[in-house]
Amino acid sequence: MNDQKLKIEVCVGTSCHLMGSNLIIEYLERLSEKVKAQLDIKYISCMNNCSQGPQVKVGDCQLANATPELLNDRIERILLQ
Amino acid sequence: MKIRVDIGIASLSKKEEEVCGDTSRIIEGKDSVTIILSDGLGSGIKASILSILSTQIAAGLLKRKLGLEQVFATIADTLPICKVRDIAYSTLSILKINYDGTAHLIEYDNPALILVRDNQLLKINKQQRMIAGKEVFESFFRIDVDDLLILVSDGVINAGVGGLFKLGLGRERLLENIFKRDLNSESAQAVTDKIIALTDACYLGKAGDDSTSIAIKGRIPRKVVLLTGPPADQKLDKIVVENFTGIQSWKKIVCGGATGNMLSRQTGREIEISLEYTDPSVPPVASIAGIDLVTEGILTLNKALERLQHYMEGNGLKKADDGASQLAQNLYLADEITFLMGTSTNPAHKEMMESLQLKPRPVVVGHLVNVLRDMGKEVNIETY
Ligand code: FES
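Chains as they are written, first to last, in the working numbering: chain B, 2 to 82; chain L, 56 to 439.
This is how it looks when you write it as structure tokens:
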């Protein structure tokens with residue numbers, strides 16, 4: 002089941018946190034249960050790209066300087082495919 | 056053997072008196088803790104002032120590292136004598152417990168200390184002697200882990216006098232109650248609360264005298280080892296991690312993402328970050344098997360320092376689930392703390408921390424060490 006879900010990894014390390022990863026998390030938490038059920042969300046402590054946080058991985062693609070809007074775009078695009 | 060104690064205090068004021076004439080005080084030193092119980096003659100404000108005076112003098116002298124005998128003599132000399140009854144205005148018990156397990160007790164006119172070990176009353180050898188013209192009982196003894204010591208003012212012993220019991224609750228009945236309810240196995244605060252509840256019940260809710268109970272329980276010192284920051288030289292990773300996991304401790308704490316990853320790499324144990332973001336200003340905690348608390352590094356350390364400083368300014372220590380509160384709580388409960396601090400730095404952090412005026416690792420750890428030492432804890436730091 003998990004294999005079909007879209008994998009989202011959010012870096013919550015020091016730099017990414019300061020750059021706003023909590024906004025990303027807030028955004029993810031506010032998603033509807035229906036969307037959430039299609040996601041496999043995980044937090045990571047550092048993705049080794051600290052100077053361009055927040056780092057978020059959607060599927061295999063790693064986003065730098067992520068914002069809720071950017072992430073929303075990505076998720077929508079993939080889930081609607 | 057090294058020992059520490061938990062202390063619980065409770066008291067009851069004589070019916071219709073606003074203040075309790077008994078005073079208790081705990082004075083923590085570097086290698087010892089001293090507990091004082093004083094009962095001012097009579098009750099109400101006069102008794103209260105006198106017993107506060109006695110304990111205040113004692114606290115001041117102990118801070119100047121005077122021995123118990125001298126402390127007692129000074130207080131005894133300054134205590135006024137009641138002209139009508141020709142007795143001193145205040146009674147006194149001073150118990151000093153050294154962290155090596157030895158104890159020294161001087162009792163003047165207070166009910167005798169109760170020492171319970173393995174649910175049995177232990178006899179303490181006492182010597183009667185004169186100090187500063189006062190007849191006192193002095194004793195030297197040892198305290199073990201799980202020992203229960205109880206100091207009460209005579210309001211407890213006399214509870215119910217002339218009412219429920221002709222001669223009051225009495226020491227024997229109090230002891231019987233302690234054993235019957237197996238108080239030896241309870242926490243210091245629970246023991247003392249139960250003794251005061253019993254006292255109140257004997258007085259049928261109308262206390263005839265101020266009553267105080269102090270329960271003291273021996274325990275092993277709580278040792279915390281905190282690993283934060285990978286070493287500057289990566290070759291040392293293995294040694295540092297082995298050192299950390301090898302130390303016998305009450306709690307093991309890891310602060311730092313890269314530090315957690317290093318530990319996970321070295322031990323092969325997985326690191327999993329909690330999905331609970333209880334406080335948006337503190338990054339979430341993680342878990343690694345065998346480690347009691349895993350948090351983010353710099354922000355959490357800075358926040359935990361803030362919480363402890365806030366506590367030292369006389370405020371309470373907030374209990375919460377976020378990483379910083381959990382860290383502060385664990386450090387607060389610890390008796391001995393060892394910091395294993397790596398000195399490697401993350402260049403991406405540096406810039407950001409400067410702009411946000413956050414303290415870098417060695418600075419925040421330095422401040423933590425100072426605050427914890429001010430709290431009377433034994434703190435060591437090893438850097439790599
Ligand atoms: S803290 Fe997010 S990549 Fe390092």
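Backbone N, C-alpha and C define an ideal beta-carbon position, used for all residues, glycine too.
In this structure, how does DSSP classify residue i when only helix, strand and coil are distinguished?
i: K358 (chain L); result: helix
i: I346 (chain L); result: coil
i: V59 (chain B); result: strand
i: M430 (chain L); result: coil
i: E391 (chain L); result: strand
i: L67 (chain L); result: strand
i: Y28 (chain B); result: helix
i: V36 (chain B); result: helix
i: T133 (chain L); result: helix
i: L372 (chain L); result: coil
i: E241 (chain L); result: coil
i: R78 (chain B); result: helix
i: K6 (chain B); result: coil
i: L203 (chain L); result: strand
i: V216 (chain L); result: strand
i: G210 (chain L); result: helix
i: E70 (chain B); result: helix
i: K221 (chain L); result: coil
i: Y366 (chain L); result: helix
i: G421 (chain L); result: helix
i: L121 (chain L); result: coil
i: V13 (chain B); result: coil
i: G95 (chain L); result: strand
i: D61 (chain L); result: strand
i: I81 (chain L); result: strand
i: E231 (chain L); result: helix
i: S145 (chain L); result: strand
i: N23 (chain B); result: helix
i: S46 (chain B); result: coil
i: I436 (chain L); result: strand
i: K261 (chain L); result: coil
i: C75 (chain L); result: coil
i: K189 (chain L); result: strand
i: R197 (chain L); result: strand
i: D41 (chain B); result: strand
Name, please, each residue of chain D whose Cβ falls closer than 8 Å to the Cβ of residue i.
i: L354 (chain L); result: Checking the listed chains, one finds no chain D in this structure; the protein chains it contains are B and L.
Would you mind giving the Cβ-Cβ distance between residue i and residue j, rounded to the nearest angstrom? I have them listed as a contact below 8 Å.
i: G345 (chain L); j: G311 (chain L); result: Not a contact, Cβ separation roughly 17 Å.
i: K306 (chain L); j: V279 (chain L); result: 5 Å
i: V449 (chain L); j: I436 (chain L); result: Since the first residue of chain L shown is 56 and the last is 439, residue 449 (chain L) is not available in this structure.
i: L32 (chain B); j: I9 (chain B); result: The Cβ separation is near 10 Å, so there is no contact.
i: L72 (chain B); j: M407 (chain L); result: With 8 Å as the limit, L72 (chain B) and M407 (chain L) do not qualify as a contact, their Cβ atoms being about 21 Å apart.
i: I42 (chain B); j: L330 (chain L); result: 7 Å
i: I343 (chain L); j: R324 (chain L); result: 5 Å
i: D429 (chain L); j: P276 (chain L); result: Not really, about 18 Å apart at Cβ, beyond 8 Å.
i: I271 (chain L); j: I58 (chain L); result: That belief does not hold up - the Cβ atoms of I271 (chain L) and I58 (chain L) are roughly 11 Å apart, past 8 Å.
i: L282 (chain L); j: L395 (chain L); result: 5 Å
Worksheet entry | Ordered list of beta strand (DSSP E) runs contained in the stretch 149 to 183 of chain L, each at least 3 residues | 157 to 163 and 169 to 172
Discussion item. Just to be sure I understand the criterion: a residue counts if its Cβ is closer than 6 Å to at least one heavy atom of ligand 1. Which residues meet that?
Written reply: B:C12, B:G14, B:T15, B:S16, B:C17, B:C47, B:M48, B:N49, B:N50, B:C51, B:G54 and B:Q56
Item to complete: Taking 8 Å as the threshold, find out whether the stretch 262 to 271 of chain L comes into contact with the stretch 281 to 297 of chain L through three or more Cβ pairs.
Response: no
Worksheet item: Is the number of C-beta pairs between the stretch 163 to 179 of chain L and the stretch 193 to 210 of chain L that are closer than 8 Å three or more?
Response: yes
Discussion item. Does the contact criterion of 3 or more C-beta pairs under 8 Å hold for the stretch 333 to 342 of chain L versus the stretch 370 to 389 of chain L?
Written reply: yes
Worksheet entry | Touching by the beta-carbon criterion (3+ pairs, under 8 Å), the stretch 69 to 78 of chain L and the stretch 96 to 115 of chain L | yes
Worksheet item: Is the stretch 174 to 184 of chain L touching the stretch 244 to 251 of chain L in the sense that three or more CB pairs, one from each, lie closer than 8 Å?
Response: no
Worksheet item: Any chance the stretch 299 to 307 of chain L sits against the stretch 5 to 22 of chain B, with 3 or more Cβ pairs inside 8 Å?
Response: no
Worksheet item: At what residue ranges does the stretch 391 to 419 of chain L contain a whole run of the alpha helix (DSSP H), taking only runs of 4 or more?
Response: 402 to 411
Discussion item. When you compare the stretch 362 to 369 of chain L with the stretch 398 to 408 of chain L, are there three or more beta-carbon pairs, one atom per stretch, that lie closer than 8 Å?
Written reply: no
Worksheet entry | beta strand (DSSP E) runs contained entirely in the stretch 266 to 354 of chain L, provided each spans 3 or more residues | 266 to 274, 278 to 283, 306 to 310, 326 to 328, 341 to 343 and 348 to 350
Discussion item. If contact is defined by three or more beta carbon pairs under 8 Å, each pair taking one atom from either stretch, is the stretch 221 to 231 of chain L in contact with the stretch 55 to 66 of chain B?
Written reply: no
Item to complete: Please determine if the stretch 156 to 164 of chain L and the stretch 183 to 202 of chain L are in contact, where contact requires at least 3 C-beta pairs separated by less than 8 Å.
Response: yes
Fill in: Contact between the stretch 147 to 154 of chain L and the stretch 109 to 128 of chain L (3+ Cβ pairs under 8 Å)
yes
Item to complete: Please confirm if the stretch 210 to 225 of chain L is in contact with the stretch 254 to 261 of chain L, defined as three or more CB-CB distances below 8 Å between the two stretches.
Response: yes
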